[in-house]
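**Student:** The structure that follows is given in the form of structure tokens.
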Amino acid sequence: MTTSPQPSTRRLSRPMGLHFEEFQTGDSVKSATRTITEADVVNFAALSGDWNLIHTDAEYSKAHMFGQRVAHGLLILSVASGLSVRLGFLEETTLAFRSIDWKMQRPVFIGDTIHVRVTVEETKAMARLGGGLVNFKVEVLNQKDEICQKGNWEMLVKGLEV
52 MTTSPQPSTR RLSRPMGLHF EEFQTGDSVK SATRTITEAD VVNFAALSGD
102 WNLIHTDAEY SKAHMFGQRV AHGLLILSVA SGLSVRLGFL EETTLAFRSI
152 DWKMQRPVFI GDTIHVRVTV EETKAMARLG GGLVNFKVEV LNQKDEICQK
202 GNWEMLVKGL EV
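Taken in order, the sequence shown gives residues 52 to 213; the numbers are from our numbering.
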């Protein structure tokens with residue numbers, strides 16, 4: 052008599068992110084892409100209250116310096132944060148987002164497809180806080196690989212010995 056295999060009782064779990072000690076200066080990773088839509092711009096305007104015409108009025112924007120509507124800079128920063136989180140390297144190991152130094156260099160238009168490149172710039176142990184600071188160089192690039200926004204994000208990351 053044959054028996055069918057029993058279902059596994061092994062518990063499946065998500066992998067955790069990297070701990071402070073696992074970050075190495077120079078490590079770099081690229082995110083998935085995301086196309087910025089009109090719905091993104093309208094929803095961000097509603098959420099933030101920023102209904103500036105350069106974001107929301109196509110006719111007004113034709114006479115603007117870019118000739119078309121541009122996505123809110125803070126919308127793109129927010130999407131960059133989400134794309135970075137999806138990379139998983141800070142999953143369950145982030146203790147705090149400590150600081151941000153950010154520049155908006157080039158507009159992102161409705162229909163542009165962006166991705167994020169994250170590079171470890173520096174690490175600093177802070178054992179008394181349970182890990183250390185990791186300074187990430189973050190760049191938002193469009194479909195032409197042009198840098199649209201960039202800066203540094205400083206995160207407090209949990210150590211292995213916590």
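Using N, Cα and C, we set each Cβ at its ideal position, and we do this for glycine too. For clarity, every value in this text was computed on a predicted model and none was experimentally measured.
Helix or strand or just coil, what does DSSP make of residue 139?
**Tutor:** For the purposes of this step, residue 139 is taken as residue 88 along the sequence shown, with counting starting at 1. If DSSP states are grouped into helix, strand and coil, residue 139 belongs with coil.
**Student:** In chain order, what are the residue ranges of uninterrupted beta strand (DSSP E) at least 3 long that sit wholly in the region 87-170?
**Tutor:** If we require 3 residues or more, the beta strand (DSSP E) runs fully inside the region 87-170 come out as 145-155.
**Student:** Ignore the nearest five residues each way along the sequence and tell me which others in residue 190's own chain have a CB closer than 6 Å to its CB.
**Tutor:** Residue mapping note: residue 190 aligns to position 139 of the sequence shown, counting from 1. Only 168, 198, 201 meet the Cβ criterion.
**Student:** Using a Cβ distance threshold of 8 Å, determine whether the region 83-102 contacts the region 153-162, with at least three qualifying pairs required.
**Tutor:** Result yes; three or more Cβ-Cβ pairs closer than 8 Å.
**Student:** DSSP has residue 82 in a bridge; who is on the other side?
**Tutor:** Translated into positions along the sequence shown, residue 82 becomes position 31. Answer by DSSP bridge pairing: none, since residue 82 is not bridged.
**Student:** Got a sec? Which residues, its chain only, sit under 6 Å from residue 84 by beta carbon, not counting five neighbours each side?
**Tutor:** As a position in the sequence shown, residue 84 is number 33, starting the count at 1. So the qualifying residues of the chain are 164, 166.
**Student:** Just reading off the beta strand (DSSP E) that residue 195 is part of, what are its end residues?
**Tutor:** Position 144 of the sequence shown, counted from the start, is the residue given in the question as residue 195. Element bounds for residue 195: n/a, residue is neither H nor E.
**Student:** Within the same chain, show all residues whose beta-carbon is closer than 6 Å to that of residue 150, passing over the 5 residues directly before and after it, in chain order.
**Tutor:** The residue labelled residue 150 in the question sits at position 99 within the sequence shown. Excluding positions up to five away in sequence, the list reads 205.
**Student:** According to DSSP, is residue 212 helix, strand or coil?
**Tutor:** Taking the sequence shown and counting its residues from 1, one reaches residue 212 at position 161. In the structure shown, residue 212 sits in coil (DSSP, three-state: anything other than H, G, I, E or B).
**Student:** Note down the Cα distance separating residue 153 from residue 97, rounded to an integer number of angstroms.
**Tutor:** Here residue 153 is taken as the residue at index 102 of the sequence shown, counted from 1. Here residue 97 is taken as the residue at index 46 of the sequence shown, counted from 1. Roughly 23 Å between the two C-alpha positions.
**Student:** Would you please state the rounded distance, in angstroms, between the beta carbons of residue 185 and residue 174? I believe it to be under 8 Å.
**Tutor:** As a first step, residue 185 must be located in the sequence shown, where it is residue number 134. As a first step, residue 174 must be located in the sequence shown, where it is residue number 123. Yes, they are in contact, since the Cβ atoms of residue 185 and residue 174 sit about 5 Å apart, within 8 Å.
**Student:** Rounded to the nearest angstrom, how far is the Cβ of residue 139 from that of residue 68, given a contact under 8 Å?
**Tutor:** Position 88 of the sequence shown, counted from the first residue, corresponds to residue 139. Position 17 of the sequence shown, counted from the first residue, corresponds to residue 68. With 8 Å as the limit, residue 139 and residue 68 qualify as a contact, their Cβ atoms being about 6 Å apart.
**Student:** Can you list, in chain order, the residues of its chain with a C-beta nearer than 8 Å to that of residue 79? Leave out the 5 residues immediately preceding and following it.
**Tutor:** For this step, residue 79 is matched to residue 28 along the sequence shown. Answer for residue 79: 168, 169, 170, 171, listed in chain order.
**Student:** For residue 104, count neighbouring Cβ atoms within 10 angstroms of its own Cβ and tell me buried if that reaches 16, exposed if not.
**Tutor:** What you label residue 104 is simply residue 53 of the sequence shown in a count that begins at 1. Looking at its Cβ environment, which holds fewer than 16 other Cβ atoms inside 10 Å, residue 104 is exposed.
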